Amino acid sequence: MCCPCSVRGWLFFFTILQVIGGMSFIVTPWMYYRSSKSDLDERLSPVRWAIFTAGAVSFLLGITGMHGARKRNKNVLITYSVGSCLRCFGLGFLAYYLPPQFPNMIKALYEKYIPLHTNGRDLVPGLTALQTIGKCCGLVNGYEDWDSHVPSSCYCAPLQGESCVLTEHGYFYKQPCLDLLVNVYVDMNIVRNSCIFYVVFTAIEMLLALVMTRRIKKDSSAEVTEALRYGNASNMEMATTHQAPPMLPATQAPPMLPSTQAPPMLPSSQAHLYASAYYPPPPPYQYYGKN
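Residue numbering for the sequence shown follows the UniProt record's numbering, beginning at 1 and increasing consecutively.
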């Protein structure tokens with residue numbers, strides 16, 4: 001069983017990763033946003049906001065978890081655990097919602113490199129090899145992405161039938177290479193598996209937060225029990241210890257009546273009652289007579 005320090009350290013480490021991941025989710029959807037309003041941008045707007053919201057929630061939860069782990073605050077850790085549970089449901093929604101939108105997201109990412117012979121020079125070496133191996137041409141719009149500078153890797157034999165298209169410059173592969181990449185990603189379930197990974201990651205964080213909350217509660221109960229035990233022991237010790245009665249200080253004399261104040265006088269009807277208490281009654285009178 002790991003010690004409390006290791007649980008706290010692991011929770012702090014995972015929340016730091018969560019904060020970094022949340023920041024990347026916030027920034028990434030807007031890195032490839034174009035100022036010109038196109039149909040693809042309009043279709044991707046809900047996707048961008050969904051990813052942005054997920055990143056903001058992840059960032060805030062990470063900050064909450066870091067604060068709770070650093071301060072050992074039980075209430076903050078409980079809030080973080082509840083938020084992590086809700087985050088798991090949100091990731092499940094993204095795992096269902098994002099895969100159909102994935103092709104549009106990839107197209108929005110690579111459309112800025114078109115035309116390829118001017119804007120996509122950094123992609124030309126890798127794309128040329130992909131066109132040769134995958135028997136495809138261009139990225140989004142096929143051979144049109146190259147304008148009039150179509151490389152030789154896009155040429156195909158006329159006998160290949162439907163995979164080729166006839167243009168004024170010859171026969172080229174009809175399928176864009178980006179569709180090939182998207183099909184590979186879809187077949188591998190990259191988006192869905194990524195969401196499942198984040199769900200497992202969040203579940204580990206939630207488990208660590210709950211373990212730390214339980215230990216904080218246990219430590220608090222132990223402190224209260226120890227304080228009560230110490231208080232009971234002190235009371236028992238005071239009860240069994242013989243103490244002398246308090247003595248008046250030497251300088252403090254008993255209160256004296258003022259000289260001008262006479263002692264209270266009793267009524268005449270009650271004087272004989274109290275007088276007998278101080279003076280014994282005289283002996284009975286005896287008559288002896290004369291001898």
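Beta carbons are placed, not taken as given, at the ideal position from N, Cα and C, and that holds for glycine. No experiment lies behind these values; they were computed from the predicted model shown.
Tell me the DSSP secondary structure of Val-199 in three-state form. helix
Between the CA atoms of Thr-128 and residue 298 - distance to the nearest angstrom: Outside the displayed range of the chain (1 to 291) lies residue 298, so it cannot be described from this structure.
Going by beta carbon distance, what residues of the same chain come within less than 6 Å of Ile-114, once the five residues before and after it are set aside? The residues are Asp-145.
Do Ala-209 and Ile-106 count as a contact pair if the criterion is CB distance below 9 Å? no
On the three-state DSSP scale, how would you describe Val-165? strand
To the nearest angstrom, report how far apart Leu-130 and His-67 are at their CA atoms. 48 Å
Indicate whether the contact test is met: 3 or more Cβ pairs, each with one atom in the region 192 to 207 and one in the region 94 to 111, closer than 8 Å. yes
Label Pro-46 either buried or exposed according to how many other C-beta atoms from any shown protein chain fall within 10 Å of its C-beta, with 16 as the threshold for buried. exposed
Of the listed residues Tyr-80, Thr-202, Thr-53, nearest to Gly-65 (C-alpha basis): Distances from the alpha-carbon of Gly-65 to those of Tyr-80, Thr-202, Thr-53 put Tyr-80 closest.
I believe Cys-164 touches Cys-177 by the beta-carbon criterion, under 8 Å. Please report the beta-carbon distance rounded to the nearest angstrom. With 8 Å as the limit, Cys-164 and Cys-177 do not qualify as a contact, their Cβ atoms being about 15 Å apart.
With DSSP as the reference, please indicate the residues paired to Gly-170 in a beta bridge. Paired residues: Thr-167.
Taking 9 Å as the threshold (C-beta atoms), are Gly-90 and Gly-55 in contact? no
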